[in-house]
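Heads up, the sequence shown is in full-length UniProt numbering, so the first residue is 1 and it goes up one at a time.
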Amino acid sequence: MVSIEQLTSEQEWRAFYPVVDGFWPVDTVNQHVECLRTMTAQGYRAFGLTTEQPVAFAGVYVLTSPWYGTFTWLVDLVTHQEHRGEGCGTRLYEAVETWSREQGCETIVLASGVERTRAHQFYEHHGFEATEYWFEKSLVTD
Numbered sequence: 001m002v003s004i005e006q007l008t009s010e011q012e013w014r015a016f017y018p019v020v021d022g023f024w025p026v027d028t029v030n031q032h033v034e035c036l037r038t039m040t041a042q043g044y045r046a047f048g049l050t051t052e053q054p055v056a057f058a059g060v061y062v063l064t065s066p067w068y069g070t071f072t073w074l075v076d077l078v079t080h081q082e083h084r085g086e087g088c089g090t091r092l093y094e095a096v097e098t099w100s101r102e103q104g105c106e107t108i109v110l111a112s113g114v115e116r117t118r119a120h121q122f123y124e125h126h127g128f129e130a131t132e133y134w135f136e137k138s139l140v141t142d
């Protein structure tokens, strides 16, 4: 049976660590939980898809800007590598899209690494268009 839930407890976050391990730049489950604790305090919402075990994870913020109005910033969407191609990412994405509409969002925006061509195909299949470049500059000096 497939279940999609908003993840709100540390126990749930810990259960989904194997899904994001290797995708998130954290080395331990405790770092994962601490990061989620901080992000959740800033408005981040996590969602998980479970079959017999955690399989896919998504994380979003709802924001407002003059360019997008009220929108969902899709920060994370990852399926455990053993379950890719089974439709789990699609099911979780569709649940996030429905949730976003319920929040009054007009758009979903995301950034994806240039090397993630398979992810880009997934997003394009779901109606996303590449519309901008993403730039970053580190403010941390060694």
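The beta-carbon is built from N, C-alpha and C at its ideal position, and this holds for glycine as well. All values derive from a computational prediction rather than experimental measurement.
Item                                                                                                                                                            : Value
For my contact list, Ser100 and Thr72 are in at a C-beta cut-off of 8 Å; report their separation, rounded to the angstrom.                                      : 4 Å
Which of the three DSSP states is assigned to Pro18 in this structure?                                                                                          : helix
What first and last residue would you give for the beta strand (DSSP E) that runs through Leu139?                                                               : Note, Leu139: premise wrong, no beta strand (DSSP E); not H, not E.
Rounded C-beta distance between Gln6 and Ala46? I'm assuming under 8 Å.                                                                                         : 7 Å
Going straight from the alpha carbon of Ser3 to that of Ala56, what length do you get?                                                                          : 11 Å
Tell me which residues share the same chain as Phe16 and place their Cβ nearer than 6 Å to its Cβ, disregarding the 5 neighbours each side in the sequence.     : Gly48, Pro54 and Phe57
Please report the distance separating the alpha-carbon of Thr38 from that of Val29.                                                                             : 14 Å
I'd like the list of long-range same chain contacts for Thr107, defined as Cβ closer than 8 Å, with 5 residues on each side in sequence excluded.               : Tyr68, Gly69, Phe71 and Thr72
With DSSP as the reference, label Gln103 as helix, strand or coil.                                                                                              : coil
Looking only at its chain, what residues have a beta carbon closer than 6 Å to the beta carbon of His83, apart from the 5 residues adjacent to it on each side? : Val55
Opposite Leu36 in the DSSP bridges: which residues?                                                                                                             : In DSSP, Leu36 forms no bridge with anything.
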